[in-house]
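Numbering (the working numbering), first residue to last: 74 to 558. Backbone N, C-alpha and C define an ideal beta-carbon position, used for all residues, glycine too. Some notes on the structure that comes next.
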Ligand SMILES: Nc1ncnc2c1ncn2[C@@H]1O[C@H](COP(=O)(O)OP(=O)(O)OP(=O)(O)O)[C@@H](O)[C@H]1O
């Protein structure tokens, strides 16, 4: 659709684009990203023919850009500039109608019924119908942006060039705009080229991303390839981290702020316990990976709640019930990891391990009435009940994501070994239990101090977790058995 062939362009005495070649496909959304001054706007101007080339050529649908008349080009290409607004006092309706002007026929240039319909649609799609009679200069930056988009859409272009289209828009309109463009890309085979500063918008919406750096194409391709931490850090000179979006198969790039290297000791964790609640409170958030009902997955949290419930506790929406419970107890559910258990909290066991370069605090509550051998659980029909082993492991150290997962595995293996040693049986299969059907584990790390790349059973932290979990579970089982005697 668009070919840029060996283009060099710049300003008096300054070369900006340097022998740049690109090919932009029809029916795709392409994002142009890059740091300030990398040449994005200059490239955009080159693509819409408003900036002269020093060398090379731009082809639109196979025809050289300079061979298009202004009217011909307006029928193919619409441009949404960075700065909306107008030096004339046009109404919104008039501005949108201007987008249709190249299509007006006859000497008097009158709008056809189709032209009017297209203008109406563009106004509705961009949600500017409430101020059609207002002057464009009386609107906010975001409203002006939407009017200019309506004008561009009214052109019914095959190619839409956008310079930072989400710049003035609030979150809701950013998403509406990008969703609308994406829909047009798919349904009308519109070709969209957009300069985007927001890497995450580019990642979520673009089929292809072009990364410009100092007037050259540093990289181009699918966002999953371009949203690469090392590549972006090299261009933006900023520490970044990459995660996958939790709902979409797109990477999310987050800047990593300069953090105070404050000593964070797990000795600062405070334990308060009643019959109903066992709570660890931390003066700073810990990075956690857990299977807990509240705050499961990766999350930062500073409150860790193990809640005792009756063994007959059964609620359809336990997650919601628990969130409300936390709020009632003045805990912030967004800052809390919450588990529940029917086991007596009084039987809990806490093990503290201090090594030369790291420390652990492990707390467990054990209820084995609902013990299950994982290899035999298929013979069961009934719903899960709440006899549960809850394991809390707090680590003073810096864990990688894989170390978090390995710490979970190590803790699970140590739990299984403890159940075997203490001969806890699955009451149905009569084989040795490997856990219960509702067990939870939370690994919480201070993310300060010693770096721990791995936490498998043979690493220093893995050895400490294995030993600590085994001992803590054993102790909790003994506490329970002693009480029952
Ligand atoms: N009219 C101009 N005259 C002289 N130099 C210019 C002009 N416009 C831009 N430049 C220079 O050209 C270089 C590229 O500018 P351009 O606007 O294309 O970058 P950009 O990637 O769009 O930047 P930003 O992210 O800040 O919008 C910059 O160094 C800029 O100072």
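Checklist entry - In this structure, what does DSSP give as the bridge partners for residue 524? => result Within the DSSP secondary-structure output, residue 524 pairs in a beta bridge with 471.
Next on the checklist: Please state whether the Cβ-Cβ distance between residue 267 and residue 223 is less than 8 Å.
Outcome noted: No, the Cβ-Cβ distance between residue 267 and residue 223 is not below 8 Å.
Next on the checklist: Using a strict less-than 6 Å threshold between each residue's beta carbon and the heavy atoms of ligand 1, what residues do you get?
Outcome noted: Selection output, chain order preserved: 84, 87, 89, 107, 109, 110, 111, 112, 113, 114 and 115.
Next on the checklist: Between which two residues does the beta strand (DSSP E) holding residue 98 run?
Outcome noted: Where residue 98 is concerned, there is no enclosing beta strand (DSSP E), given that its DSSP letter is neither H nor E.
Next on the checklist: Checking 8 Å against the spacing of the C-beta atoms, do residue 445 and residue 509 come in under that value?
Outcome noted: For the 8 Å CB-CB criterion, residue 445 and residue 509 form a contact.
Item to check | Nearest-angstrom beta carbon gap, residue 343 and residue 354 [assumed within contact, 8 Å] | outcome: Yes, residue 354 and residue 343 are in contact; Cβ-Cβ is about 5 Å, under 8 Å.
Next on the checklist: I'd like the span of the beta strand (DSSP E) that includes residue 449, first residue to last.
Outcome noted: Residue 449 -> no beta strand (DSSP E), and no H or E assigned at all.
Checklist entry - So does the stretch 212–221 actually touch the stretch 239–255, counting three or more Cβ pairs closer than 8 Å? => result Touching, yes, given that three or more Cβ pairs across the two stretches are closer than 8 Å.
Next on the checklist: Output needed for residue 154: all residues of its chain with C-beta closer than 6 Å, excluding positions within five of it in sequence on either side, in chain order.
Outcome noted: Excluding residues within five positions, the ones whose Cβ falls inside 6 Å are 236.
Checklist entry - How far does the beta strand (DSSP E) with residue 360 in it reach, from first residue to last? => result Its beta strand (DSSP E) spans residues 350–363.
Checklist entry - Measuring CA to CA, which of 374, 419 and 250 is closest to residue 201? => result Nearest to residue 201 by C-alpha distance, out of 374, 419 and 250, is 250.
Item to check | Residue range of the alpha helix (DSSP H) that includes residue 210 | outcome: Note, residue 210: premise wrong, no alpha helix (DSSP H); not H, not E.
Checklist entry - So what does residue 411 bridge to, in DSSP terms? => result Beta-bridge pairing links residue 411 to 367 and 378.
Checklist entry - Anyone know if the C-beta pair for residue 428 and residue 346 falls short of 8 Å? => result Contact flag unset, no.
Checklist entry - So residue 250 is in the alpha helix (DSSP H); what residue range does that whole segment cover? => result Counting along the chain, the alpha helix (DSSP H) containing residue 250 begins and ends at 244–260.
Checklist entry - Taking the continuous beta strand (DSSP E) assigned at residue 277, which residues delimit it? => result Here residue 277 belongs to no beta strand (DSSP E); instead the alpha helix (DSSP H) covers 272–278.
Checklist entry - Where does residue 463 sit, in a helix, a strand or coil, going by DSSP? => result In the three-state scheme derived from DSSP, where H, G and I count as helix and E and B as strand, residue 463 is classed as strand.
Next on the checklist: With three or more beta-carbon pairs closer than 8 Å as the criterion, would you say the stretch 534–552 touches the stretch 381–390?
Outcome noted: The stretch 534–552 is not in contact with the stretch 381–390.
Checklist entry - Count the other CB atoms within 10 Å of the CB of residue 513; is the residue buried (16 or more) or exposed (fewer)? => result It counts as buried.
Checklist entry - With a CB to CB cut of under 7 Å and the five nearest residues on each side skipped, what residues in its chain are close to residue 144? => result When the five nearest sequence neighbours on each side are left out, the beta carbons in the same chain lying within less than 7 Å of the beta carbon of residue 144 are those of 175, in order along the chain.
Item to check | Alpha-carbon to alpha-carbon, residue 441 and residue 555 | outcome: The straight-line gap from Cα to Cα measures roughly 14 Å.
Next on the checklist: So the candidates are 532, 370 and 395; which of them puts its Cα closest to the Cα of residue 378?
Outcome noted: Nearest of 532, 370 and 395 to residue 378, Cα basis: 395.
Checklist entry - Using DSSP with H/G/I as helix, E/B as strand and the rest coil, what is residue 324? => result Reduced to three states, the DSSP call for residue 324 is strand.
Item to check | Runs of beta strand (DSSP E) lying entirely within the stretch 128–200, each at least 3 residues, in chain order | outcome: The beta strand (DSSP E) runs lying completely inside the stretch 128–200 and spanning 3 residues or more are 128–133 and 150–153, given in chain order.
Checklist entry - So what's residue 299 in DSSP terms, helix, strand or just coil? => result Here residue 299 sits in helix by DSSP.
Item to check | For residue 86 and residue 319, the rounded distance between their alpha carbons | outcome: Computed Cα separation, rounded: 47 Å.
Item to check | alpha helix (DSSP H) runs wholly inside the stretch 473–497, at least 4 long, in chain order | outcome: List check, alpha helix (DSSP H) in window: 474–494.
Item to check | Validate contact between the stretch 519–537 and the stretch 500–508 using beta carbons, cut 8 Å, 3 pairs | outcome: Taking one beta carbon from each stretch, the stretch 519–537 and the stretch 500–508 have fewer than 3 pairs nearer than 8 Å; the two do not touch.
Checklist entry - Which one or two residues does DSSP pair with residue 432 in a beta bridge? => result DSSP output for residue 432 lists 427 and 469 as bridge partner(s).
Checklist entry - How is the beta strand (DSSP E) around residue 394 delimited, first residue to last? => result Careful: residue 394 lies outside any beta strand (DSSP E), inside the alpha helix (DSSP H) at 391–401.
Next on the checklist: Quick check on residue 295: buried or exposed, where buried means 16 or more other Cβ atoms within 10 Å of its Cβ?
Outcome noted: Around the beta carbon of residue 295, fewer than 16 other beta carbons lie within 10 angstroms, which makes this residue exposed.
Checklist entry - Contact between the stretch 134–143 and the stretch 110–118: three or more CB pairs below 8 Å? => result In short, these stretches do not touch, since the Cβ pair count stays below three.
Checklist entry - Exposed or buried, what is residue 477 when buried is set at 16 or more other beta-carbons lying within 10 Å of its beta-carbon? => result Under this definition residue 477 is a buried residue.
Next on the checklist: Measuring alpha carbon to alpha carbon, tell me which residue in 92, 438, 443 and 451 is nearest residue 465.
Outcome noted: With distances taken between Cα atoms, residue 465 lies closest to 438.
Checklist entry - Just how far apart, CA to CA, sit residue 349 and residue 461? => result The C-alpha of residue 461 is placed about 15 Å away from the C-alpha of residue 349.
Checklist entry - Which whole-angstrom value describes the C-beta separation of residue 430 and residue 552, a residue pair presumed to lie in contact below a C-beta threshold of 8 Å? => result Rounded, the Cβ-Cβ distance is 31 Å, inconsistent with contact.
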